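Take the sequence shown: its letters are residues 1 to 233, numbered as in the UniProt record's numbering.
Just so you know, even glycine gets a beta-carbon here, dropped at the ideal spot from N, CA and C.
From a predicted model like this one, the values you see are computed outputs, not experimental measurements.
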Amino acid sequence: MCAECGCGGTGHDTGHDHPHGSTRTITVEQAVLAGNDALAARNREWLGARGITAVNLMSSPGSGKTTLLERTIHDLRGGRDVSVIEGDQETALDAERIRAAGCPVVQINTGGGCHLDAGMVAGGLSALDPPNGSLLFVENVGNLVCPALFDLGETSRAVIVSVTEGDDKPLKYPHMFAVADVVLINKIDLLPYVTFDPDQCAERARSVRPGVEVMLVSATTGAGIDAWFRWLR
């Protein structure tokens, strides 16, 4: 059977053409990523010229990205200016939480899209106009696949995994962890109630991203959060 179209032939020795469009698919994908990378470079230049540190927060849905941001905004209050670009497919629920925490925020809804891209972030930067020398968080759409492929022009990437997800996530989603500048294992307050080995998770993360810093935190209780704040500084 042809692995491409499922016809009864062996491989491509079938006596008919196989215009599967594979080359076209690759070409289009490369063009999309190249266009995004060009916009990301502009974002990076814009941020760098203003001394703004931009952190791209990536994780699966429900890992605690928004709760981590609420904790960060609260505990860093009075220091460096903080602003947030919120990415979700629908609703402004997370943006409302960030706004209630006292932080400037712009909501970006991607509709059917599973990630933010550099063009969306450029629009968010224009709307927010974060002050020079400030700290900008981009909370990406909850997804452990697509966001890893799209450069936003960020300064660094933080990947969050919660103890309720399983310690095998770095092996199942290696591309995400391979681009991480820091990995936060969140919800450690729930460790007594789940089967999760934080040491094994950290080891697996470092197997795909050698030397990556791994932090054990609870955004809810604040346990271990000082390491995160030191990293941000």
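So the alpha helix (DSSP H) residue i belongs to, where does it begin and stop?
i           : result
E70         : K65 to D75
residue 241 : Nothing in the structure corresponds to residue 241, since the chain is present only between 1 and 233.
R97         : L93 to A100
D199        : P198 to V208
L171        : K169 to K172
Using the three-state DSSP reduction, which class does residue i fall into: helix, strand or coil?
i    : result
N36  : helix
R157 : strand
N186 : strand
L232 : helix
V60  : Note that residue 60 corresponds to Ser in the displayed sequence, not to Val. In the structure shown, S60 sits in coil (DSSP, three-state: anything other than H, G, I, E or B).
Buried or exposed for residue i, going by 16 or more other Cβ atoms inside 10 Å?
i    : result
H115 : buried
V82  : buried
R233 : exposed
V32  : exposed
G133 : exposed
G6   : In this predicted model, G6 has a pLDDT of only 46, less than 50, meaning its place in the structure is not dependable enough to derive any value.
T221 : exposed
F137 : buried
Could you give the distance in angstroms between the alpha-carbon of residue i and the alpha-carbon of residue j?
i    : j    : result
T53  : T155 : 6 Å
G79  : V159 : 24 Å
P131 : F150 : 25 Å
E213 : V183 : 6 Å
L191 : D199 : 12 Å
A127 : A178 : 31 Å
G35  : T195 : 43 Å
P210 : C146 : 22 Å
Y173 : V208 : 10 Å
V217 : D75  : 14 Å
G124 : S162 : 27 Å
E203 : Q30  : 32 Å
Along the chain, where does the beta strand (DSSP E) that runs through residue i open and close?
i    : result
D117 : Run containing D117: none; DSSP gives neither H nor E here.
I85  : V82 to D88
E139 : L135 to E139
L144 : First-last for L144: undefined, no H or E at that position.
What distance in whole Å lies between the Cβ atoms of residue j and residue i, which are believed to be in contact at a cut-off of 8 Å?
i   : j    : result
Q89 : G111 : 6 Å
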